[in-house]
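Structure, as structure tokens:
There are 2 protein chains.
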Amino acid sequence: MTDIRPHEIRVPVPNPDDARLYFIGRIHTPWTDRKDCPRQGKPDGPECRVEIFEPWVPALKGIEDYERIELLYWLDRARRDLVVQNPGHSDSTFGTFALRSPVRPNPIGTSLVTLVAVDGPILTVRGLDCLDGTALVDVKPDRCAFTPKAPPKP
Amino acid sequence: MTDIRPHEIRVPVPNPDDARLYFIGRIHTPWTDRKDCPRQGKPDGPECRVEIFEPWVPALKGIEDYERIELLYWLDRARRDLVVQNPGHSDSTFGTFALRSPVRPNPIGTSLVTLVAVDGPILTVRGLDCLDGTALVDVKPDRCAFTPKAPPKP
Chain A
1060 MTDIRPHEIR
1070 VPVPNPDDAR
1080 LYFIGRIHTP
1090 WTDRKDCPRQ
1100 GKPDGPECRV
1110 EIFEPWVPAL
1120 KGIEDYERIE
1130 LLYWLDRARR
1140 DLVVQNPGHS
1150 DSTFGTFALR
1160 SPVRPNPIGT
1170 SLVTLVAVDG
1180 PILTVRGLDC
1190 LDGTALVDVK
1200 PDRCAFTPKA
1210 PPKP
Chain B
1060 MTDIRPHEIR
1070 VPVPNPDDAR
1080 LYFIGRIHTP
1090 WTDRKDCPRQ
1100 GKPDGPECRV
1110 EIFEPWVPAL
1120 KGIEDYERIE
1130 LLYWLDRARR
1140 DLVVQNPGHS
1150 DSTFGTFALR
1160 SPVRPNPIGT
1170 SLVTLVAVDG
1180 PILTVRGLDC
1190 LDGTALVDVK
1200 PDRCAFTPKA
1210 PPKP
């Protein structure tokens, strides 16, 4: 994930410091090597465990009402300075923003997953695609599921 | 966005520094006050402009092929230390991860928007919900639109 392929374009970038994140938990999946990860999670993929760290565990209150949730996670092994990539090792290149590659200025992955179970600080989900040990950044209800339940705006 | 309502629960948190972000652009919308923002963007919402900053502009190569894109942005006015919230000003409280509120440990908003036009560093989109001037964190093709085009994994 750190090599450069033919026709890829790297740009000089400063150290990032426009905003800072908390890692709020950790994702446990069956995949320990990047080449084994699915390109994208599938609804019938294997069950994965999402562990929420303190002090954020109380923020799960009510999450069990949702069948679909959105997860944001930090793809820490990806380089951040490529603007054009060559994912197929071919002559076809794509801009980073036209790809869902982990290689991007801010390596945040997003997945919509099925929530199978909630047990204290542990969510069991299906539909992930990331490496075992990936740091969790956010959990939200899926838009479609959330909208009908959203309280009216005061 | 910085007040605490009845029954909300705040937790002591350290300064965040597990990962750091670049702001890669800026979003221009018609909404300059939080109370005017839609709770969630709509496909027939007003056209908004998304400005990409250098050196990231070349990363847009090929984005025009997608009708739907995902945007991630930084909701910088939101406090980050609430685990239980009271969005309806009522007796019903919700955990932060059971809400799509901007108030969350990592205040990253995500929207799926319709890409109307691309003109150099400017994307015109419909379906946003955020304040004018919001900082952009990422642009990705929508999952559904991307999958059929994704090059095979080497």
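Protein sequences appear in the order of chains A and B. With positions in the first sequence counted from 1, the corresponding number in my numbering is that position plus 1059. With positions in the second sequence counted from 1, the corresponding number in my numbering is that position plus 1059. Using N, Cα and C, we set each Cβ at its ideal position, and we do this for glycine too. Since the structure is predicted, the reported quantities are computational estimates derived from the model, not experimental observations.
Notebook entry, point to check: On the three-pair Cβ rule with 8 Å, is the segment 1168-1182 of chain A touching the segment 1142-1153 of chain A?
Noted result: They do not touch, by the three-pair rule.
Notebook entry, point to check: Which whole-angstrom value describes the C-beta separation of B/T1183 and B/R1108, a residue pair presumed to lie in contact below a C-beta threshold of 8 Å?
Noted result: As a working note, residue 1183 of chain B is residue 124 in the second sequence. As a working note, residue 1108 of chain B is residue 49 in the second sequence. Confirmed, about 6 Å.
Margin query: Any beta carbon from chain B within less than 8 Å of A/A1078's own beta carbon?
Written below: Counted from its first residue, the first sequence places residue 1078 of chain A at position 19. By this cut-off, A/A1078 is an interface position.
Notebook entry, point to check: Tell me which same chain residues have a C-beta within less than 8 Å of the C-beta of B/I1122, skipping the five on either side of it?
Noted result: Indexing the second sequence from 1 puts residue 1122 of chain B at position 63. Only I1128, L1174, V1177, L1182, V1198, P1200 meet the Cβ criterion.
Margin query: Suppose the cutoff is 8 Å on Cβ atoms and the five residues either side in sequence are ignored; what does the same chain contact list for B/H1087 look like?
Written below: Mapped onto the second sequence, residue 1087 of chain B falls at position 28. Once the five neighbours on either side are set aside, the close Cβ partners of B/H1087 are C1107, R1108, V1109, E1110, D1191, G1192.
Note to self: Buried or exposed, going by whether 16 or more other CB atoms sit within 10 Å of the CB of B/P1161?
What the structure shows: Within the second sequence, the letter at position 102 stands for residue 1161 of chain B. Classification for B/P1161: buried.
Notebook entry, point to check: Taking Cβ-Cβ distances shorter than 8 Å, what residues in chain B pair up with A/E1129?
Noted result: The residue you call residue 1129 of chain A lines up with position 70 of the first sequence. Close to A/E1129, with beta-carbon spacing below 8 Å, are these residues of chain B in chain order: T1169.
Checklist line | Bridge-paired residues (DSSP) for B/I1063 | finding: Walking along the second sequence from the start, residue 1063 of chain B turns up at place 4. Residue pairing for B/I1063: DSSP places it in no beta bridge.
Checklist line | A/W1090 at chain B interface by Cβ criterion, 8 Å | finding: Taking the first sequence and counting its residues from 1, the one referred to as residue 1090 of chain A is at position 31. Among the residues facing chain B, A/W1090 is not included, as its CB has no counterpart in that chain under 8 Å away.
Check: According to a CB-to-CB cut-off of less than 8 Å, which residues of the segment 1184-1202 of chain B neighbour chain A?
Finding: Within the segment 1184-1202 of chain B, the residues whose Cβ lies closer than 8 Å to any Cβ of chain A are, in chain order, A1194, V1196, D1197, V1198, K1199, P1200, R1202.
Next item on the list: Would you check if the segment 1147-1155 of chain A and the segment 1081-1098 of chain A touch, i.e. whether three or more CB-CB distances between them fall below 8 Å?
Entry: By the Cβ criterion, the segment 1081-1098 of chain A is not in contact with the segment 1147-1155 of chain A, since fewer than three pairs of Cβ atoms, one from each stretch, lie closer than 8 Å.
Next item on the list: Assign B/C1203 to buried or exposed, taking buried as 16 or more other Cβ atoms, counted over all protein chains shown, within 10 Å of its Cβ.
Entry: Working through the second sequence from its first residue, we reach residue 1203 of chain B at position 144. The residue is exposed, with fewer than 16 neighbouring Cβ atoms inside 10 Å.
Notebook entry, point to check: Cβ of B/P1164 within 8 Å of Cβ of A/Y1132?
Noted result: Counted from its first residue, the second sequence places residue 1164 of chain B at position 105. Counted from its first residue, the first sequence places residue 1132 of chain A at position 73. No, Cβ-Cβ distance for B/P1164 and A/Y1132 is not below 8 Å.
Note to self: Taking 8 Å as the limit between beta carbons, can you name the residues of its chain near B/G1179, skipping five residues before and five after?
What the structure shows: As a working note, residue 1179 of chain B is residue 120 in the second sequence. Hits under 8 Å: V1116.
Check: If you compare alpha carbons, which of A/I1063, A/A1078, A/R1069 is closest to B/A1137?
Finding: Position 78 of the second sequence, counting from 1, holds the residue named residue 1137 of chain B. Looking only at A/I1063, A/A1078, A/R1069, the smallest Cα-Cα distance to B/A1137 is reached by A/A1078.
Check: How would you list, in chain order, the residues of chain A whose beta-carbon sits under 8 Å from the beta-carbon of B/V1175?
Finding: Against the second sequence, residue 1175 of chain B aligns to sequence position 116. Within chain A, no residue comes near B/V1175; the closest Cβ sits about 16 Å away, beyond 8 Å.
Checklist line | CB-CB length for A/G1104 against A/G1168, believed under 8 Å | finding: Here residue 1104 of chain A corresponds to residue number 45 of the first sequence, with the count starting at 1. Here residue 1168 of chain A corresponds to residue number 109 of the first sequence, with the count starting at 1. Incorrect: roughly 14 Å between the Cβ atoms, too far for contact.
Next item on the list: Please classify A/K1094: is it buried, with 16 or more other beta-carbons within 10 angstroms of its beta-carbon, or exposed?
Entry: By one-based count along the first sequence, residue 1094 of chain A stands at place 35. Per the 10 Å Cβ criterion, exposed.
Notebook entry, point to check: So what does DSSP say about A/T1173, is it helix, strand or coil?
Noted result: In the first sequence, counting from the first residue as 1, residue 1173 of chain A sits at position 114. In this structure, DSSP gives A/T1173 an extended state, which the three-state scheme calls strand.
Checklist line | Cβ-based neighbour list, A/V1070, same chain, cut-off 7 Å, excluding 5 preceding and 5 following | finding: Position 11 of the first sequence, counting from 1, holds the residue named residue 1070 of chain A. So the qualifying residues of the chain are D1140, V1142.
Check: In chain order, what residues of the same chain lie with their CB nearer than 8 Å to the CB of A/L1119, ignoring the 5 residues before and after it?
Finding: The residue labelled residue 1119 of chain A in the question sits at position 60 within the first sequence. Closer than 8 Å at the Cβ level, and outside the excluded window around A/L1119, lie I1111, V1177, P1180, L1182, V1198.
Check: Taking the continuous beta strand (DSSP E) assigned at B/P1200, which residues delimit it?
Finding: Taking the second sequence and counting its residues from 1, the one referred to as residue 1200 of chain B is at position 141. Note, B/P1200: beta strand (DSSP E), 1194-1200.
Next item on the list: Count the other C-beta atoms from every protein chain shown that fall within 10 angstroms of the C-beta of A/V1196, then say buried if there are 16 or more, exposed otherwise.
Entry: Looking up residue 1196 of chain A in the first sequence gives position 137. So A/V1196 counts as buried.
Check: By the criterion of Cβ-Cβ separation under 8 Å, what are the contact partners of B/I1083 in chain A?
Finding: Against the second sequence, residue 1083 of chain B aligns to sequence position 24. Around B/I1083, the beta-carbon contacts reaching into chain A at under 8 Å are P1164, N1165.
Check: chain B partners of A/L1119, CB-CB under 8 Å?
Finding: Sequence index remark: in the first sequence, residue 1119 of chain A carries index 60 (1-based). Within chain B, the residues near A/L1119 are G1154, F1156, A1157.
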